[in-house]
Amino acid sequence: MRLRALLDTDALGLRLLGGEDELDRGVRGVMTTDLRDPSRYLSGGELVLTGLAWRRGAADSEPFVRILVQAGVAALAAGEAELGDVPDDLVVACARHRLPLFAVHESVAFATITEHVVRQVSGERAGDLAAVVDRHRRMMTSGPAGGGPDVVLDLLGSDLDLRAWVLSPTGRLIAGPKVAGPRGAERALPADVCGRLAAEQLTAARTGRPGPHRVTLGQITYSLFPVRGSGHSASTARDVRETVLSDWLLAVEADAGDWAEERLDLLQGVTQLIAVERDRRDAARAVRRRLAQEVLELLQTGAAPAETAARLRVAAPVLLPGLGTAPHWQVVVARVDWDGGEGDGGPVARALLEEILVDPASAGPEHSDRIAVAHTGDEAIALVPLPAVTGDHDGAGAGVVADVLLEAVRAPLSAGLDGDGRLTLGVSAAVHSAEGLRGALEEARHARRGAAARQGRVCAAGHQELASHVLLLPFVPDDVRRAFTARLLDPLRDYDRRHRAELIPTLEAFLECDGSWTRCASRLHLHVNTLRYRVGRIEQLTGRDLSRLEDKLDFFLALRMS
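According to the numbering used here, the sequence shown holds residues 44 to 605 in order.
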């Protein structure tokens, strides 16, 4: 806005004392100060408001005005409430340095002037930025990429002084400025902050709270806006849960609760612009999805290994450009099961698996996808290529590990699924040929079923666990488990209830000590003869012999399944 516009606004009560020829200067902001040297807080273009408390005598006006001029301020407005009329020495100093000077009537609060300037300047900036965003949107939708989300976020920073970041639904940083770190060093927005913002957005969207959603972490308030691709609008999605778990997120470091509709509309336009990049990412993934779908169909129809191997040779250069030798492969299976059994979880599981398998330390929308994910029914299946490692003949030297797969994304995804559904994943061992791929698929599916038997909204299991009874026990039918445990343990429980004999704890300790009388007695703080009496009572009540391996194993499994 121009200084002339301020003078023409009667409600501001401004009277021009000098600088009539400079009234076409632009005003970029407003600042109130009574410091003798406010230069550290000035960036240029401000209307400076002062109550003149800094002035002790006539000699103070010249250095004060010189500091303002050197800082590039637009004008000075002095209040009349403190001294009555504005001192002549200040008028002379401003005239000497060609700095426009206004007098502010004592009945007008500085807050009134500040609010007016901020409202006008923000409105003009928003209009300018809206035009830039609109032009940028047309450029991006009609031709090659215009620089990606970072360009849009730079516009927000330069034109509206807003810092913002684009995050994936798992909390991975896609784009955004750096923040001040320890000792002044700059770093990316911390991963824990990204994860908490994603969790807050998923929780708010899942519960239907109107946006933008606001969250305060530490002393910083963020406003959260969903970024939806053209195929993921809330009005066209088959299930609102699909968009909740697949939307990108624009996190703005500001409280949008008191924003005008114009600014909110502008931010919605920004999310639409960022969505263009998301659509491009999805289009790029279509090739990999098609490759995965073709391989999956070959495996499920029992095609010859040679045919599957030929398809893998086509896939390898796409997923690992420049790779000279055939890689090892892993299979990861994911499934989303909605509470109540309704809805198609396959597309959601595919989108989540594509995101989860990205290195959490990577940033950017183009994160060198090295996976191909297909879906069939409620199940998503990923082919993960692993470069062959010298000396690593079984492909076990690198790859996806179930224990760490969900570590960085468990919290936000649990928030997004809470009360609605579950995500379970299974990971196969690495294989180096098409012959082993069908077995890897079944291995991953079996591991996923084991993960589904665990507690929690987000669970994973790996091929290593298939060699353990812990993963196999969940597949015993419930009625068989109940009958087995009741037959072995109910007599002991009944006896404990009547006599407080602690036979069940004694049995657990005896098995954990591998049948060692001395170690078990020491652990339970019992005399060995007392322990022998209790073990004898267990054998008498159950008809089993704890010196026999088979009976020990039966008791062990019964305790595990109880």
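Using N, Cα and C, we set each Cβ at its ideal position, and we do this for glycine too. Quick caveat: nothing in here was measured; it's all calculated off a predicted structure.
Using C-beta distances below 7 angstroms, list every residue in its chain close to residue i, excluding the 5 sequence neighbours before and after it, in chain order.
i    : result
H570 : A564
R354 : E337, V338 and L341
L126 : L95
L232 : W208, L216, G219 and V222
L24  : The structure shown has nothing for residue 24, since the chain only spans 44 to 605.
A138 : G61
Using the three-state DSSP reduction, which class does residue i fall into: helix, strand or coil?
i    : result
M604 : helix
I263 : strand
L59  : strand
A121 : strand
L400 : coil
T75  : strand
L92  : strand
V194 : helix
C502 : strand
R252 : coil
V444 : coil
G482 : helix
D586 : Note on residue identity: the sequence assigns Gly, not Asp, to residue 586. Coil.
G300 : helix
G493 : helix
R332 : helix
G100 : coil
Using only the alpha-carbon positions, how far apart do residue i and residue j sit?
i    : j    : result
T76  : G254 : 37 angstroms
A299 : L307 : 8 angstroms
L602 : D539 : 15 angstroms
L600 : V470 : 25 angstroms
V501 : V195 : 34 angstroms
D594 : F553 : 13 angstroms
L363 : L292 : 29 angstroms
E123 : L92  : 11 angstroms
Q343 : L309 : 49 angstroms
I110 : S86  : 12 angstroms
A495 : D197 : 44 angstroms
V161 : S82  : 20 angstroms
R359 : W372 : Arg is not the amino acid found at residue 359; the sequence shown has Ala there. C-alpha separation (whole angstroms): 10 angstroms.
P370 : V357 : 12 angstroms
G438 : L460 : At G438, the pLDDT of 42 sits below 50, so the modelled position is not reliable; the number obtained from the coordinates is stated separately. Each residue's alpha carbon lies about 34 angstroms from the other.
Q315 : D290 : 12 angstroms
G186 : L288 : Interpretation of G186 is limited by its pLDDT of 40, a score under 50 that renders its predicted location unreliable; no figure is taken from the coordinates.
G69  : V313 : 27 angstroms
A48  : H159 : 11 angstroms
R378 : T351 : 24 angstroms
Taking the DSSP output, what are the residues bridged to residue i?
i    : result
F608 : Limits of the chain in this structure are 44 at one end and 605 at the other, which puts residue 608 out of reach.
E229 : A223
A146 : R58 and A121
R378 : E422 and T467
L216 : L210
V135 : In DSSP, V135 forms no bridge with anything.
W372 : P428 and V474
V258 : Y265
V416 : A425
Who are the near neighbours of residue i in its chain, counting only those whose CB is closer than 8 angstroms to its CB and skipping five residues on each side?
i    : result
E582 : D588 and L589
L50  : L57, L59, L66 and F145
A544 : Y538, R577 and R580
W560 : V571, L574 and R575
I263 : E296
Would residue i and residue j qualify as a contact pair, given that the criterion is a beta-carbon distance under 8 angstroms?
i    : j    : result
E89  : V73  : yes
A154 : L46  : no
G464 : D380 : yes
L535 : L546 : yes
C237 : L216 : yes
V258 : E243 : yes
R331 : I424 : no
L468 : V376 : yes
A490 : E508 : yes
A483 : V374 : yes
V134 : G200 : no
T528 : M604 : yes
Might you give, ordered along the chain, the residues of its own chain that have their beta carbon closer than 6 angstroms to the beta carbon of residue i, omitting 5 neighbours on each side?
i    : result
V295 : L205, A207 and S266
G56  : H148 and V151
D435 : With a pLDDT of 45 at D435, under the threshold of 50, the modelled position of this residue cannot be trusted, and the question is left open.
A102 : none
R71  : G88
A96  : D77
E450 : none
V452 : T213 and I399
C556 : R562 and C563
Tell me whether residue i counts as near the ligand PLP, meaning its Cβ is closer than 7 angstroms to at least one heavy atom of that ligand.
i    : result
H506 : In the structure on display, the ligand PLP does not appear, and there are no ligands present to speak of.
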